[in-house]
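Protein chains in written order, with our numbering: chain X, 9 to 123; chain U, 40 to 149. These notes concern the structure reproduced below.
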Amino acid sequence: EPEVTQTPSHQVTQMGQEVILRCVPISNHLYFYWYRQILGQKVEFLVSFYNNEISEKSEIFDDQFSVERPDGSNFTLKIRSTKLEDSAMYFCASSYIVGSNQPQHFGDGTRLSIL
Amino acid sequence: QQPVQSPQAVILREGEDAVINCSSSKALYSVHWYRQKHGEAPVFLMILLKGGEQKGHDKISASFNEKKQQSSLYLTASQLSYSGTYFCGTGGGSQGNLIFGKGTKLSVKP
Numbered sequence: 009e010p011e012v013t014q015t016p017s018h019q020v021t022q023m024g025q026e027v028i029l030r031c032v033p034i035s036n037h038l039y040f041y042w043y044r045q046i047l048g049q050k051v052e053f054l055v056s057f058y059n060n061e062i063s064e065k066s067e068i069f070d071d072q073f074s075v076e077r078p079d080g081s082n083f084t085l086k087i088r089s090t091k092l093e094d095s096a097m098y099f100c101a102s103s104y105i106v107g108s109n110q111p112q113h114f115g116d117g118t119r120l121s122i123l
Numbered sequence: 040q041q042p043v044q045s046p047q048a049v050i051l052r053e054g055e056d057a058v059i060n061c062s063s064s065k066a067l068y069s070v071h072w073y074r075q076k077h078g079e080a081p082v083f084l085m086i087l088l089k090g091g092e093q094k095g096h097d098k099i100s101a102s103f104n105e106k107k108q109q110s111s112l113y114l115t116a117s118q119l120s121y122s123g124t125y126f127c128g129t130g131g132g133s134q135g136n137l138i139f140g141k142g143t144k145l146s147v148k149p
């Protein structure tokens, strides 16, 4: 069964450094999402992306964050000048069609630890 | 506005049943249910799209009461593999982003 893959599985970075989290969505999916989950808390929406544009973003997704689809398969989340509070599990998800009536398939996540 | 889940946690013996509720103060277009095991990604269970719709997956089923703006997830004859945190996510219509509740931690003991 096709799946969303994320790399790396764990990223440790010094505060103030930039990180790039990578995702390969399911190949025929057109809509991509990033979510964040701070340890022990709920999953929080960050951003959705379609046709090389951001469709929707949350309050969390400020100027520190950016997303990109650099080629036909990868979808990246960049965090500039990381802060301690950015430590969390970051999940990428994809769906074939947009809309809240479509299932989203999640990757295994990247655990980001900011020191 | 995030949906509210109840209970926050439940402990079951294998074979027992459980109900997890998800309610919203806003009109619901859809309700998504996911299960997340510790250290793993959320796994999609089912979507409910319209009022009164019920869906089932093995011994896990769910209902959606659009008027009451709530959904319930039913786990019958629970198995050890059902243990995990169950999240409901509500959709805002045409936008794909999901707003998740805080989750219900389900522990099934032998």
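Positions of the beta carbon are idealized from the N, C-alpha and C atoms, including for glycine.
Cβ shell of residue i (< 7 angstroms), same chain only, five flanking positions each side left out
i: X:Tyr98; result: Leu29, Trp42, Arg44, Leu85, Gly117, Thr118 and Leu120
i: X:Asn36; result: Tyr104
i: X:Gln22; result: Leu123
Opening and closing residue of the beta strand (DSSP E) in which residue i lies
i: U:Leu84; result: Val82 to Leu87
i: X:Tyr170; result: Given a span of 9 to 123 for chain X in the structure shown, any question on residue 170 of chain X remains unanswerable.
i: X:Gly4; result: This structure cannot speak to residue 4 of chain X, because chain X is shown only from 9 to 123.
i: U:Ser146; result: Thr143 to Lys148
i: U:Val43; result: Val43 to Ser45
i: U:Thr115; result: Element bounds for U:Thr115: n/a, residue is neither H nor E.
i: U:Gly130; result: Gly123 to Gly130
i: X:Thr13; result: Thr13 to Thr15
i: X:Lys65; result: Glu61 to Lys65
i: U:Lys51; result: Contrary to the premise, residue 51 of chain U reads as Leu rather than Lys in this sequence. Element bounds for U:Leu51: Ala48 to Arg52.
From the options, residue whose alpha carbon lies closest to that of residue i
i: X:Glu93; options: X:Ala101, X:Gln19, X:Ile46 and X:Tyr58; result: X:Ile46
i: X:Ser102; options: X:Gln22, X:Phe40 and X:Thr15; result: X:Phe40
i: U:Ser117; options: U:Val49, U:Glu55, U:Ser69 and U:Ile50; result: U:Glu55
i: U:Val43; options: U:Ala57, U:Ser64, U:Phe103 and U:Ile50; result: U:Ser64
i: U:Phe83; options: U:Ser62, U:Gly123, U:Gln109 and U:Leu51; result: U:Gly123
i: U:Leu87; options: U:Ser100, U:Glu53, U:Lys141 and U:Lys148; result: U:Ser100
i: U:Lys61; options: U:Pro149, U:Thr143, U:Val147 and U:Lys148; result: Lys is not the amino acid found at residue 61 of chain U; the sequence shown has Cys there. Ranking the options by Cα distance to U:Cys61, first place goes to U:Thr143.
i: U:Lys148; options: U:Val49, U:Gln47, U:Glu53 and U:Ala48; result: U:Glu53
i: X:Asn109; options: U:Ser69, U:Ala48, U:Leu119 and U:Val58; result: U:Ser69
i: X:Asp71; options: X:Val12, X:Gln14, X:Glu26 and X:Gln22; result: X:Glu26
Cβ-based burial, residue i [other Cβ within 10 Å; buried from 16]
i: U:Tyr125; result: buried
i: X:Lys50; result: buried
i: X:Gly24; result: exposed
i: X:Val55; result: buried
i: U:Asn136; result: buried
i: X:Ile87; result: buried
i: U:His71; result: buried
i: X:His113; result: buried
CB contact check: residue i to chain X, cutoff 8 angstroms
i: U:Ala57; result: no
i: U:Glu53; result: no
i: U:Leu137; result: yes
i: U:Leu88; result: yes
i: U:Lys141; result: yes
i: U:Phe126; result: yes
i: U:Glu79; result: yes
C-beta neighbour in chain U for residue i, strict 8 angstroms
i: X:Asn59; result: no
i: X:Val51; result: yes
i: X:Pro33; result: no
i: X:Gln112; result: yes
i: X:Glu26; result: no
i: X:Asn36; result: no
i: X:Ser56; result: yes
Residues of its chain near residue i, where Cβ-Cβ distance is below 6 angstroms and the 5 sequence neighbours each way are ignored
i: U:Ile138; result: Gln41 and Thr129
i: U:Gln98; result: The question names Gln, yet the displayed sequence has Lys at residue 98 of chain U. Only Thr115 and Ala116 meet the Cβ criterion.
i: X:Val20; result: Ser121
Residues of its chain near residue i, where Cβ-Cβ distance is below 8 angstroms and the 5 sequence neighbours each way are ignored
i: X:Tyr58; result: Leu38, Tyr39, Phe40 and Val106
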